[in-house]
Amino acid sequence: MHQRPTLAVWKFASCDGCQLTILNCETELLAIADRVDIRWFPEATSTMIPGPVDVSFVEGSVTTDHDVERIHEIRSQSGLLITIGACATGGGVQALRNGVDTGDVIKTVYADPHYISTLDTSTPIASHVPVDIELQGCPIDKGQLLETIAALLSGRPPRLPQSSVCLECKAAAQTCVMVAGATPCLGPLTMAGCGALCPVVGRGCYGCFGPMENPNPAPLVSRFEQLGMSHGQRTRFLRSVCDLAGQPSPTTGSAHE
Amino acid sequence: MYRSPRSFAAASGNAMLALLAEQGFEVIGPRRIDEAIVYAPLGTFDDLPIGVTDRQMPGRYSLHDSDRRSYFDAAVGPHSVKHHLHPSSSTVWDITRSDDGALSIEMHRPEPAPLAVIGVRPCDLVALEKQDRVLMGGPHINPVYAANRRRLFIVAVNCNHPSGTCFCTAMGNGPTAVRGFDILLTELPGDEGSEFVATAGTDAGGRLLESIDTDAATPEQLERAAELAAAAADEMRAEVDLLEAGTHLKEHLDSEMWAEIGERCLACANCTMSCPTCFCTDLIDTTSIASVSSRRTRVWDSCFTGSFSHMGPGPVRGSIGSRYRQWLVHKFSTWHDQFGESGCVGCGRCITWCPVGIDVRREVARISRSGT
Ligand code: SF4
Ligand code: SF4
Ligand code: SF4
Ligand code: SF4
Ligand code: SF4
Numbered sequence: 000m001h002q003r004p005t006l007a008v009w010k011f012a013s014c015d016g017c018q019l020t021i022l023n024c025e026t027e028l029l030a031i032a033d034r035v036d037i038r039w040f041p042e043a044t045s046t047m048i049p050g051p052v053d054v055s056f057v058e059g060s061v062t063t064d065h066d067v068e069r070i071h072e073i074r075s076q077s078g079l080l081i082t083i084g085a086c087a088t089g090g091g092v093q094a095l096r097n098g099v100d101t102g103d104v105i106k107t108v109y110a111d112p113h114y115i116s117t118l119d120t121s122t123p124i125a126s127h128v129p130v131d132i133e134l135q136g137c138p139i140d141k142g143q144l145l146e147t148i149a150a151l152l153s154g155r156p157p158r159l160p161q162s163s164v165c166l167e168c169k170a171a172a173q174t175c176v177m178v179a180g181a182t183p184c185l186g187p188l189t190m191a192g193c194g195a196l197c198p199v200v201g202r203g204c205y206g207c208f209g210p211m212e213n214p215n216p217a218p219l220v221s222r223f224e225q226l227g228m229s230h231g232q233r234t235r236f237l238r239s240v241c242d243l244a245g246q247p248s249p250t251t252g253s254a255h256e
Numbered sequence: 000m001y002r003s004p005r006s007f008a009a010a011s012g013n014a015m016l017a018l019l020a021e022q023g024f025e026v027i028g029p030r031r032i033d034e035a036i037v038y039a040p041l042g043t044f045d046d047l048p049i050g051v052t053d054r055q056m057p058g059r060y061s062l063h064d065s066d067r068r069s070y071f072d073a074a075v076g077p078h079s080v081k082h083h084l085h086p087s088s089s090t091v092w093d094i095t096r097s098d099d100g101a102l103s104i105e106m107h108r109p110e111p112a113p114l115a116v117i118g119v120r121p122c123d124l125v126a127l128e129k130q131d132r133v134l135m136g137g138p139h140i141n142p143v144y145a146a147n148r149r150r151l152f153i154v155a156v157n158c159n160h161p162s163g164t165c166f167c168t169a170m171g172n173g174p175t176a177v178r179g180f181d182i183l184l185t186e187l188p189g190d191e192g193s194e195f196v197a198t199a200g201t202d203a204g205g206r207l208l209e210s211i212d213t214d215a216a217t218p219e220q221l222e223r224a225a226e227l228a229a230a231a232a233d234e235m236r237a238e239v240d241l242l243e244a245g246t247h248l249k250e251h252l253d254s255e256m257w258a259e260i261g262e263r264c265l266a267c268a269n270c271t272m273s274c275p276t277c278f279c280t281d282l283i284d285t286t287s288i289a290s291v292s293s294r295r296t297r298v299w300d301s302c303f304t305g306s307f308s309h310m311g312p313g314p315v316r317g318s319i320g321s322r323y324r325q326w327l328v329h330k331f332s333t334w335h336d337q338f339g340e341s342g343c344v345g346c347g348r349c350i351t352w353c354p355v356g357i358d359v360r361r362e363v364a365r366i367s368r369s370g371t
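Respectively, the protein sequence lines represent chains A and B.
Heads up, the first sequence is in numbering that gives the first Met the number 0, so the first residue is 0 and it goes up one at a time.
Heads up, the second sequence is in numbering that gives the first Met the number 0, so the first residue is 0 and it goes up one at a time.
Given below as structure tokens:
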């Protein structure tokens, strides 16, 4: 047998939820451990073997000067770099502070603000270093994680759909909560992958998988307005976990126009 | 076997369902689940959404109490029989590699239990016929579809109350069924409860009708059924013959209207997913963590996704407008070239279930009339 590929899991500004998704792969973890050599995974093991690795999974966003240095170091030590979750791929909930006065935020939150050293923004990993594969979601989907690992071990590209949550919603024979229940839903703008988790339990999608391949927010925003959402509510909804508002309308050309 | 129409009351309907269940059929029919009427297991006629009707508009669906005590008063719901015939996901094969490197291939040839669907609408019967042509009409037969199709027993129901998005008549069919059913019912609502006029379409349907308590349908009952059908058709009276207009869409591929629709469309694919005739699928190969087995799965796809037309550097149809054009032109225009008929039956699902209410009736009419 070939030498097992080495793997590391790194954490930046995040809640650990995506790392927990890795640990939640209980039944598959043994099979994975059989095929890869886990060198660095503080959430799971106390054995830490630094040094270059074949694959790095990175959770969390970049929020400090130290983070910036660290992600460059990790990139240089990693064969493939895979970001996991909304924080690493989009900046996460903590990116709500982007565009507001960070000093004010710190004063509101912390009793002793002078201990806090932070950047003004929370940014995705891809804003700092090249990323090979992005796994979306808050947290990531276990199925997509296993698919990615299985794909890498077999030397094929992982199947990560870029289409809207609506496809999965209809495939699951779920009645649309927005058409039938007048519940605002971000599914049409959001990337598939979760299996329409929220609509299946009667809720609107809040976009935790980030923007799909070609999102077109304007018509959906008008629909939210018709559903009675105020301007402020619409803005907050489109910017709850991932930024779904900032996408330009994809009227770019193509070969078949 | 009965050659002429019969009539019966709800009690005989219950007997019919019980007999189907006894014969080993899984019986499903329209039921109220949460906010919509969807196919779900049906024990008796009392499980049907009695006295419930639907209101459908572009991008809107709601249920309401009706002043009638009808069993089949709601038009088509979000999901068609497609879900039970051409499932959104099905396994094609599993391949396993043994320690000595030999491959064993297991083709999946499902043998589904017989399924009886109660309350299939005339538009959906026509849609079934179109899917039959695509998925088992030629030399390449989709085995899952064919197996599901063979197991199917259909009790169709003529439409008395089309919804606001129905336009079957403008597509040259409905609101009454002509073929494709085992039994066809027309509901005659009345103060004492509904009566049903029943016609057998197959031997199996005829035998089932013979096994339950029915009477010969009276001339009055048949006349009432015809009046109801005429009234239903009247409700949908359209100004434009969309069947004919649709054939001209392919002459307008360069219209500026596609880009304009592209600004209103989300490319969410709800229209293609809910359409009872859309058949497109993707094939997905996955491998196990141990890399000793792989599985091929067939899943629904849509011409609204980027991967659908992805070649080399990216999707051939990059803009939303070009994807909308593919959907509309295929459905209403080039389907004729491919299969000798339209791909649309006028069920209205793509209109109701479009989150932003884009209406194919309007788009077909104005694009086919436009200058370019
Ligand atoms: S509930 Fe949301 S995700 Fe599902 S079809 Fe409707 S808009 Fe799309
Ligand atoms: S439905 Fe939307 S919010 Fe819910 S898990 Fe999926 S992507 Fe996240
Ligand atoms: S195109 Fe629309 S109206 Fe026509 S069959 Fe499909 S879903 Fe029904
Ligand atoms: S309209 Fe699109 S999804 Fe539907 S059958 Fe045609 S190409 Fe396929
Ligand atoms: S026409 Fe409507 S349902 Fe179809 S992709 Fe566009 S927005 Fe979605």
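We put the CB at the ideal spot given by N, CA and C, even for glycine.
Note that the coordinates shown come from a computational prediction; the quantities given were computed from them, not determined experimentally.
Have a look at residue i and residue j and give me their C-alpha separation to the nearest angstrom.
{"i": "B:Ala258", "j": "A:Gln232", "result": "29 Å"}
{"i": "A:Arg96", "j": "A:Leu219", "result": "25 Å"}
{"i": "B:Leu327", "j": "A:Val128", "result": "42 Å"}
{"i": "B:Ile366", "j": "B:Ser341", "result": "17 Å"}
{"i": "B:Arg150", "j": "B:Arg348", "result": "25 Å"}
{"i": "A:Thr82", "j": "B:Leu282", "result": "26 Å"}
{"i": "B:Ala101", "j": "B:Ala289", "result": "16 Å"}
{"i": "A:Asp53", "j": "B:Gly163", "result": "58 Å"}
{"i": "A:Pro187", "j": "B:Leu16", "result": "39 Å"}
{"i": "B:Asp202", "j": "B:Arg148", "result": "17 Å"}
{"i": "A:Thr251", "j": "A:Gln2", "result": "Only weak support exists for where A:Thr251 lies, its pLDDT of 35 falling under 50; the value from the coordinates is given anyway. Taking the straight line from one Cα to the other gives about 46 Å."}
{"i": "A:Val104", "j": "A:Gln225", "result": "33 Å"}
{"i": "B:Asp212", "j": "B:Gly179", "result": "24 Å"}
{"i": "B:Ser103", "j": "B:Ser292", "result": "9 Å"}
{"i": "B:Ile32", "j": "B:Trp299", "result": "24 Å"}
{"i": "B:Val37", "j": "B:Leu114", "result": "16 Å"}
{"i": "A:Pro249", "j": "A:Asn215", "result": "Any answer about A:Pro249 is weak, because its pLDDT of 35 lies below 50 and its placement is not dependable; what the coordinates show is given next. Each residue's alpha carbon lies about 7 Å from the other."}
{"i": "B:Ala215", "j": "B:Gly189", "result": "18 Å"}
Answer yes or no: the CB of residue i versus the heavy atoms of ligand 3, is any distance below 7 Å?
{"i": "B:Ser273", "result": "yes"}
{"i": "B:Ala126", "result": "yes"}
{"i": "B:Lys330", "result": "yes"}
{"i": "A:Cys17", "result": "no"}
{"i": "B:Val344", "result": "yes"}
Comparing the CB of residue i with every heavy atom of ligand 5, is any distance shorter than 7 Å?
{"i": "B:Leu248", "result": "no"}
{"i": "A:Ala217", "result": "no"}
{"i": "B:Phe303", "result": "yes"}
{"i": "B:Ile366", "result": "no"}
From this set, the options, which residue's C-alpha is nearest residue i's C-alpha?
{"i": "B:Trp334", "options": "B:Arg31, B:Ser318, B:Glu219 and B:Gly245", "result": "B:Gly245"}
{"i": "A:Glu133", "options": "A:Val200, A:Val164 and A:Gly90", "result": "A:Gly90"}
{"i": "B:Glu110", "options": "B:Arg324, B:Ser332, B:Phe152 and B:Ala146", "result": "B:Ala146"}
{"i": "B:Ala238", "options": "B:Ile140, B:Val91 and B:Thr168", "result": "The residue you asked about is not Ala; residue 238 of chain B is Glu in the sequence shown. The shortest C-alpha separation from B:Glu238 is found at B:Thr168."}
{"i": "A:Phe208", "options": "A:Thr107, A:Gly194 and A:Gly98", "result": "A:Gly194"}
Taking a contact to mean a Cβ-Cβ separation below 8 Å, would you say residue i touches residue j in this structure?
{"i": "B:Gly28", "j": "B:Ile117", "result": "yes"}
{"i": "B:Thr280", "j": "B:Arg294", "result": "no"}
{"i": "A:Gly206", "j": "A:Leu159", "result": "no"}
{"i": "A:Ser60", "j": "A:Ser77", "result": "no"}
{"i": "B:Val154", "j": "B:Asp131", "result": "no"}
{"i": "B:Tyr377", "j": "B:Gly205", "result": "Lying outside 0 to 371, the shown extent of chain B, residue 377 of chain B is not represented and no answer is given."}
{"i": "B:Ala197", "j": "B:Pro4", "result": "yes"}
{"i": "A:Ala179", "j": "B:Glu191", "result": "no"}
{"i": "A:Cys204", "j": "A:Cys175", "result": "no"}
{"i": "B:Pro77", "j": "B:Trp352", "result": "yes"}
Answer yes or no: the CB of residue i versus the heavy atoms of ligand 1, is any distance below 7 Å?
{"i": "B:Gln55", "result": "no"}
{"i": "A:Cys165", "result": "yes"}
{"i": "A:Val176", "result": "yes"}
{"i": "A:Pro160", "result": "no"}
Where do the ends of the alpha helix (DSSP H) carrying residue i lie?
{"i": "A:Gln18", "result": "Gly16 to Leu22"}
{"i": "A:Pro187", "result": "No alpha helix (DSSP H) contains A:Pro187, which DSSP labels as neither H nor E."}
Along the beta strand (DSSP E) that carries residue i, what are the first and last residues, could you check?
{"i": "B:Phe152", "result": "Leu151 to Val156"}
{"i": "B:Asp281", "result": "Thr280 to Thr286"}
{"i": "B:Asp53", "result": "Val51 to Met56"}
{"i": "A:Leu134", "result": "Ile132 to Leu134"}
{"i": "B:Glu186", "result": "Ile182 to Leu187"}
{"i": "B:Met272", "result": "Per DSSP, B:Met272 belongs to no beta strand (DSSP E); it is in the alpha helix (DSSP H), Asn269 to Ser273."}
{"i": "A:Leu80", "result": "Ser77 to Ile83"}
{"i": "B:Ala39", "result": "Ala35 to Pro40"}
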